[in-house]
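From first to last, the protein sequence lines stand for chains V and U. For the first sequence, the working numbering assigns the number 8 to the initial residue and increments by one for each residue that follows. For the second sequence, the working numbering assigns the number 8 to the initial residue and increments by one for each residue that follows. First up is the structure itself, then whatever we jot down about it.
Protein chains: 2
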Amino acid sequence: MRSVSVIGIGETKFGKLTGQTIRDLIKEAGEKAIVDAGVRKDQIESLYIGNFNGQYLSNQGHMGPLAVEVLELGHVPAMRLEGACASGSIAFRQGFMEIASGLADVVIVGGVEKMTHRKTDEVTEAIASAADMHTETGVGMTFPSIFAMIAQRYYHEYGDCRDAMTAVAIQNHDNALLNDDAQLRKAVTKEKVESGFPIADPFTVYDCSLVSDGAAFLVLAATDVAQSLNQENIIEIIGSGQAGDNLTIAKKESLTGFKATKLAAEKAYKMAEVGPEDIDLAEVHDCFTITQIINCEDLGFFEPGKAPQGILEGKTAIDSGYVAINPSGGLKAKGHAIGATGISQIFEVVTQLRGDAGERQVKNAIIGMNHNIGGTAATCIVNIFKKL
Amino acid sequence: MRSVSVIGIGETKFGKLTGQTIRDLIKEAGEKAIVDAGVRKDQIESLYIGNFNGQYLSNQGHMGPLAVEVLELGHVPAMRLEGACASGSIAFRQGFMEIASGLADVVIVGGVEKMTHRKTDEVTEAIASAADMHTETGVGMTFPSIFAMIAQRYYHEYGDCRDAMTAVAIQNHDNALLNDDAQLRKAVTKEKVESGFPIADPFTVYDCSLVSDGAAFLVLAATDVAQSLNQENIIEIIGSGQAGDNLTIAKKESLTGFKATKLAAEKAYKMAEVGPEDIDLAEVHDCFTITQIINCEDLGFFEPGKAPQGILEGKTAIDSGYVAINPSGGLKAKGHAIGATGISQIFEVVTQLRGDAGERQVKNAIIGMNHNIGGTAATCIVNIFKKL
Chain V
8 MRSVSVIGIG
18 ETKFGKLTGQ
28 TIRDLIKEAG
38 EKAIVDAGVR
48 KDQIESLYIG
58 NFNGQYLSNQ
68 GHMGPLAVEV
78 LELGHVPAMR
88 LEGACASGSI
98 AFRQGFMEIA
108 SGLADVVIVG
118 GVEKMTHRKT
128 DEVTEAIASA
138 ADMHTETGVG
148 MTFPSIFAMI
158 AQRYYHEYGD
168 CRDAMTAVAI
178 QNHDNALLND
188 DAQLRKAVTK
198 EKVESGFPIA
208 DPFTVYDCSL
218 VSDGAAFLVL
228 AATDVAQSLN
238 QENIIEIIGS
248 GQAGDNLTIA
258 KKESLTGFKA
268 TKLAAEKAYK
278 MAEVGPEDID
288 LAEVHDCFTI
298 TQIINCEDLG
308 FFEPGKAPQG
318 ILEGKTAIDS
328 GYVAINPSGG
338 LKAKGHAIGA
348 TGISQIFEVV
358 TQLRGDAGER
368 QVKNAIIGMN
378 HNIGGTAATC
388 IVNIFKKL
Chain U
8 MRSVSVIGIG
18 ETKFGKLTGQ
28 TIRDLIKEAG
38 EKAIVDAGVR
48 KDQIESLYIG
58 NFNGQYLSNQ
68 GHMGPLAVEV
78 LELGHVPAMR
88 LEGACASGSI
98 AFRQGFMEIA
108 SGLADVVIVG
118 GVEKMTHRKT
128 DEVTEAIASA
138 ADMHTETGVG
148 MTFPSIFAMI
158 AQRYYHEYGD
168 CRDAMTAVAI
178 QNHDNALLND
188 DAQLRKAVTK
198 EKVESGFPIA
208 DPFTVYDCSL
218 VSDGAAFLVL
228 AATDVAQSLN
238 QENIIEIIGS
248 GQAGDNLTIA
258 KKESLTGFKA
268 TKLAAEKAYK
278 MAEVGPEDID
288 LAEVHDCFTI
298 TQIINCEDLG
308 FFEPGKAPQG
318 ILEGKTAIDS
328 GYVAINPSGG
338 LKAKGHAIGA
348 TGISQIFEVV
358 TQLRGDAGER
368 QVKNAIIGMN
378 HNIGGTAATC
388 IVNIFKKL
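Structure follows, in structure tokens:
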């Protein structure tokens, strides 16, 4: 396979972006990425866009050609990819594979979601479509209840980790304070997190990720093509893996470790010829605080059951020198514009590896990772990046 | 690129399948395809599923892992592809490219849609999400009105083609009479078509495709791998092209010829090293009768403005010896289970090239094509197939 690199990045702020339409969000993030890449629009050969649920939330599907029209890309093949909250990373991976296989030299990948114009119960119902209609959502389960059950099971197997969940929330909020694009830029205290509005035991509202509008885009190119364009800031994709699982929670092998993450990570590490100890920073899928804990174990940063201790020891902080987790603030505080999330994670990883992350810069960052799951970890993509 | 072939096919009947869930439809069509291919499930390396609007219609997204669970495919990467009415063909093409590039040997691609449980106005609104919310559907346009306007423009440029639109309806209904999987199995007369319930001038209800439930799946394999498995019935994909266009009708170069079709066909013909004169049969996207006429011109079967005459002369009939169009009955009479449509078109082409089409068999069929568009031809995929 040919080496592929990220040569351009762009994103909108995440948040309640009243007055900005889906078109506006695509325009802003997509144009930024193209300008950042320094390519001409006629060099772009195809477009992949992740979007989770524009049809339910805004009656807007067919976002491939919508984005092509907005970004004025002519007649390139375009399509929407959907894998629940992993939709963005799926779009990224299809673009990556098209170049890796030699079928294209330059493609644009992106993601968008517009959610905040709908009422909370409507958003909850829209998100529930990532689970099974017949045996889960149709009988009243929602994602907070599913992941709360996962937290309860984690407590049962490894002991209460309320302290570590709280530490995750505090840390991600602290990181988001340093990120201009983040939705929630305020510090939280242990007391505030643990006495927050109850959502599904043991979660308070501070254990849950945000409802966000936003878009993010990346321009990918064959590394040799990027070099011939005299690109600076070439961030190579050195590993990529995707794996899946049964959709429903009832058919999982385990609730306290996600098989799809483990398999996707295994593939990505193998391809990159690195291990967890080589990762300087990782944007991981913190849809809930417990998920960040489980991810840190599944990705090999800590042994099973040991992430809470590691987190409480500060090993996942930006300046820990061990592994910086979610320096952007994560889904928890940067925000979770679902279709854009995976792409926005990569935006952060690239920003860090370029050394452009300002106050939240992870020192000596050489290798970074993004990890994105859909539904109850029924879809997982892990990518590993390195500054060329 | 490696040669890729279709080695297994399966579909449900199309129609109002009350009592069959999305899961049931996937199970039936997917298992049929896997059995037909004669592969073990653990040989299947990934799954691509086309679905247009399960989220709006059934609150069910994330159909990649749903299908993986139903078909018991373990942890393979899976994803949903959406490109409006071309969703099925997009899923097919991504699977094709994964094998063509050497990244996989055997994949399964499919499509599903469940529509008939919703009221007509809800279905119309769901379908409208394939157009632009802001400038089209949001101001009251629906697809019948968009394509009626296209028909009016065709009349303006080339003269009234009411007779040919009627002939398309009659022919597709006649063909569906010979197809057990078809939804509408009854002949219609010229008088019946032209005096049918008015939808959008010049369309009567008989100019419009159907609202359908259904699923279809295909197993694809590298041709050399298929041969080593001692497969019979290997149908090779000799050409494939995808192209796009602006989403909105206001930004099209022409309304009486679709640029995306022309570009996709050009790529597919070039790759296959054949021309329109070599195609024995084609399943084309007849969402409305006028669309079939325009497609026949865009694909090169007739000169611009000349398809009506050719159709009236019987040149698109199954037994014409010129080019058999929609021997299955097409979207018009076989049915239009949107996400499944492109896959079901290929099901028909493969059935014909295998010589298994019974009463509707196109004699001496060697090369077949499917043509699938999304929205107002903002997405188009053309594939060409040949019996090995």
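Virtual Cβ for every residue (Gly too), placed ideally from N, Cα, C.
What residue range is occupied by the uninterrupted alpha helix (DSSP H) comprising residue i?
i, result
"CYS387 of chain U", "CYS387 of chain U -> not in any alpha helix (DSSP H); beta strand (DSSP E) instead, spanning 386 to 394."
"LEU73 of chain V", "70 to 78"
"GLY342 of chain U", "Taken as a continuous stretch (DSSP letters only), GLY342 of chain U belongs to no alpha helix (DSSP H), as it is neither H nor E."
"ILE41 of chain U", "29 to 44"
"GLY365 of chain U", "Looking at the DSSP string, GLY365 of chain U is not in any alpha helix (DSSP H), and its letter there is neither H nor E."
"ILE245 of chain U", "Element bounds for ILE245 of chain U: not the alpha helix (DSSP H) but the beta strand (DSSP E), 242 to 251."
"GLU310 of chain V", "Neither: GLU310 of chain V is in no alpha helix (DSSP H) and is coded neither H nor E."
"LEU319 of chain V", "314 to 319"
"TYR63 of chain U", "61 to 65"
"ILE134 of chain V", "127 to 135"
For residue i, decide whether its Cβ has a neighbour in chain U, counting only Cβ atoms nearer than 8 Å.
i, result
"LEU88 of chain V", "yes"
"LYS186 of chain V", "For clarity, residue 186 of chain V is Asn in the given sequence; the question names Lys instead. No, ASN186 of chain V lies away from the interface with chain U (no Cβ there is under 8 Å from its Cβ)."
"GLU76 of chain V", "yes"
"THR28 of chain V", "yes"
"TYR162 of chain V", "no"
"GLY109 of chain V", "yes"
"GLN352 of chain V", "no"
"VAL195 of chain V", "no"
"PRO72 of chain V", "yes"
"GLY264 of chain V", "no"
Excluding the 5 residues flanking residue i on each side, which residues of the same chain have their C-beta closer than 6 Å to its C-beta?
i, result
"LYS197 of chain V", "THR173"
"ALA250 of chain U", "ALA267, LEU270, ALA271, CYS387"
"THR19 of chain V", "LEU32, GLU35, ALA36, GLY221, ALA222"
"VAL130 of chain V", "MET122, VAL218"
"SER152 of chain V", "ALA207"
Does chain V have any CB closer than 8 Å to the CB of residue i?
i, result
"PHE59 of chain U", "yes"
"TYR213 of chain U", "no"
"ILE97 of chain U", "yes"
"MET376 of chain U", "no"
"LEU254 of chain U", "yes"
"THR348 of chain U", "no"
"SER10 of chain U", "no"
"LEU270 of chain U", "yes"
"MET278 of chain U", "no"
"PHE343 of chain U", "At residue 343 of chain U the sequence reads His, which differs from the Phe that was named. With 8 Å as the cut-off, HIS343 of chain U does not count as an interface residue toward chain V."
By Cβ distance below 8 Å, which residues in the same chain neighbour residue i in space, the five residues on each side in sequence not counted?
i, result
"LEU78 of chain U", "ILE33, LYS34, GLY37, GLU38, ILE41, LYS48, LEU54, ILE115"
"THR142 of chain U", "THR255, ALA257"
"LYS282 of chain V", "The sequence shown places Gly at residue 282 of chain V, not Lys. Answer for GLY282 of chain V: TYR276, GLY307, listed in chain order."
Residue i lies in the beta strand (DSSP E); which residues open and close that run?
i, result
"VAL11 of chain U", "11 to 18"
"GLY117 of chain V", "113 to 120"
"VAL5 of chain U", "This structure cannot settle anything about residue 5 of chain U, because the visible part of chain U is limited to 8 through 395."
"ALA85 of chain V", "85 to 89"
"MET376 of chain U", "374 to 381"
"ILE56 of chain U", "54 to 57"
How should residue i be labelled, buried or exposed, when 16 other C-beta atoms within 10 angstroms of its C-beta is the threshold for buried?
i, result
"VAL304 of chain V", "Sequence inspection shows Glu at residue 304 of chain V; the Val mentioned does not correspond to that position. Counting Cβ neighbours within 10 Å, GLU304 of chain V comes out buried, since at least 16 surround it."
"ASN237 of chain U", "exposed"
"ARG9 of chain U", "exposed"
"GLY109 of chain U", "exposed"
"ALA257 of chain U", "exposed"
"LYS341 of chain U", "buried"
"ASN253 of chain V", "buried"
"VAL146 of chain U", "exposed"
"GLY26 of chain V", "exposed"
"VAL83 of chain U", "buried"
"HIS378 of chain V", "buried"
Could you pull out every residue in the same chain whose Cβ sits closer than 7 Å to the Cβ of residue i, ignoring the five residues on either side in sequence?
i, result
"ASN58 of chain V", "MET70, ARG87, GLU89, SER94, GLY118, VAL119, GLU120, GLY346"
"ALA44 of chain V", "ILE14, GLY15, VAL226"
"ALA384 of chain V", "ASP252, PHE265, ALA267, THR268"
When every heavy atom of the ligand SAH is checked, does at least one fall within less than 7 Å of the C-beta of residue i?
i, result
"ALA331 of chain U", "Looking for the ligand SAH in the displayed structure turns up nothing, as the structure carries no ligands at all."
Item checked: Length at least 3, wholly inside the region 259 to 305 of chain V: the beta strand (DSSP E) runs in chain order -> 288 to 290
Check: Which runs of the alpha helix (DSSP H) fall wholly inside the region 153 to 217 of chain V and span at least 4 residues, in chain order?
Finding: 169 to 183, 197 to 201
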